[in-house]
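Take a look at the structure set out below.
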Amino acid sequence: GDSVTQMEGPVTLSEEAFLTINCTYTATGYPSLFWYVQYPGEGLQLLLKATKADDKGSNKGFEATYRKETTSFHLEKGSVQVSDSAVYFCALWGNNRLAFGKGNQVVVIP
Amino acid sequence: DSGVTQTPKHLITATGQRVTLRCSPRSGDLSVYWYQQSLDQGLQFLIQYYNGEERAKGNILERFSAQQFPDLHSELNLSSLELGDSALYFCASSTLGLAGKETQYFGPGTRLLVL
């Protein structure tokens, strides 16, 4: 079935560093792709999305480009802040369901 | 605040019991989704309702059932509870149920602990 793979393990980095979280997917058809963020003690919030190949989603300084040729949707931010500390989930909607990756904990140190 | 409310916030119960989780979608949203988040399984889609009808089904166990009422609130019923059902249960809503295109708005979740 459709699935999403995120890189293993937490990500710890200093304030103003460059952030990349890798996400690759397996799907039949043409799924929509999402990044969700979960701040401590809260529910998920949609961070950005892309619904077709080569679309770029962007929000709050974060960007991700839907790459069909590499089946990827990597999340990037040029200069992270302490307030970006959260868990980030890559997800795809295909075959009438939303499939999530395992999530990556991001810790930004001042 | 997403506008989606879930009750209760926390629930502690024993194995073999039955519980009901409640979700009220954002005003104007017709579709409700249920998700389970656990340490070993991660985030899993359980089921989607649109305007009272089941629209999509994910990894929902037979011991679990859900429904959406005419006022659009939804309930997730979990029965014959097992230790492994301990998890955070999220509800989300969207306007037209087009999950591939629309934003889903998530509630704060109900944390279930089965002892």
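Protein chains in written order, with my numbering: chain A, 1 to 110; chain B, 1001 to 1115.
Yeah, the Cβ is synthetic: ideal placement off N, Cα and C, and Gly gets one too.
Would you report the Cα separation of residue i and residue j, rounded to the nearest angstrom?
i         : j         : result
A:Lys49   : B:Glu1054 : 25 Å
B:Arg1063 : B:Leu1096 : 28 Å
A:Thr24   : A:Ser72   : 4 Å
A:Glu63   : A:Pro10   : 19 Å
A:Gly94   : A:Glu76   : 23 Å
B:His1010 : A:Val106  : 26 Å
B:Gln1068 : B:Asn1051 : 7 Å
B:Ser1002 : A:Pro40   : 15 Å
A:Asp2    : A:Asn96   : 10 Å
A:Gly101  : A:Val37   : 12 Å
B:Gln1017 : B:Tyr1049 : 25 Å
B:Gln1104 : A:Leu44   : 9 Å
B:Leu1014 : A:Phe34   : This sequence places Ala at residue 1014 of chain B; Leu is not what is there. When rounded, the distance between both Cα atoms is 36 Å.
Hey, out of the options, whose CA is closest to residue i's CA?
i         : options                                    : result
A:Val80   : A:Ala99, A:Gly101, A:Thr20, A:Gln38        : A:Thr20
B:His1073 : B:Arg1018, B:Tyr1033, B:Val1114            : B:Tyr1033
A:Thr28   : A:Ile109, A:Ala99, A:Val106                : A:Ala99
A:Asp55   : A:Gln45, A:Gly41, A:His74                  : A:His74
B:Leu1083 : B:Ser1038, B:Ser1031, B:Ser1024, B:Arg1026 : B:Ser1038
B:Asp1040 : B:Ile1060, B:Asp1085, B:Val1114, B:Leu1061 : B:Asp1085
What residues in its chain sit with their C-beta under 6 Å from that of residue i, if we drop five residues either side in the sequence?
i         : result
A:Gly103  : Val87, Phe89
A:Thr51   : Ser32
A:Gly57   : Leu48, Lys49, Ala50, Ala64
A:Pro110  : Glu15, Val82
B:Arg1022 : Thr1007, Glu1075
A:Thr12   : Val107
A:Lys68   : Ala53
Can you find the residues in the same chain that come closer than 7 Å, C-beta to C-beta, to residue i, ignoring five residues on each side of it along the sequence?
i         : result
B:Gly1109 : Gln1006, Leu1088, Tyr1089, Phe1090
B:Gly1058 : Gln1044, Phe1045, Leu1046, Ile1047
B:Gln1036 : Gln1044, Leu1046, Ala1087, Tyr1089
A:Val4    : Cys23, Tyr25, Cys90, Ala91, Leu92, Ala99, Phe100, Gly101
Once you ignore the five residues that flank residue i on each side, which residues in its own chain have a CB closer than 8 Å to its CB?
i         : result
B:Gly1028 : Thr1095
Query raised in the report: Looking at C-beta atoms only, is the number of pairs between the stretch 82 to 101 of chain A and the stretch 1073 to 1089 of chain B that lie closer than 8 Å three or more?
Result: no
Query - Contacting positions in the stretch 1086 to 1099 of chain B - beta carbon closer than 7 Å to chain A - result: Phe1090, Ala1099
Query raised in the report: Using a beta-carbon distance cut-off of less than 9 Å, what residues from the stretch 1099 to 1113 of chain B approach chain A?
Result: Ala1099, Gly1100, Lys1101, Thr1103, Gln1104, Tyr1105, Phe1106, Gly1107, Pro1108, Gly1109
Query raised in the report: What residues in the stretch 1024 to 1044 of chain B bring their beta carbon closer than 7 Å to a beta carbon of chain A?
Result: Gly1042, Leu1043
Query raised in the report: Given a limit of 7 Å on CB to CB distance, which residues of the stretch 16 to 43 of chain A reach chain B?
Result: Ser32, Glu42, Gly43
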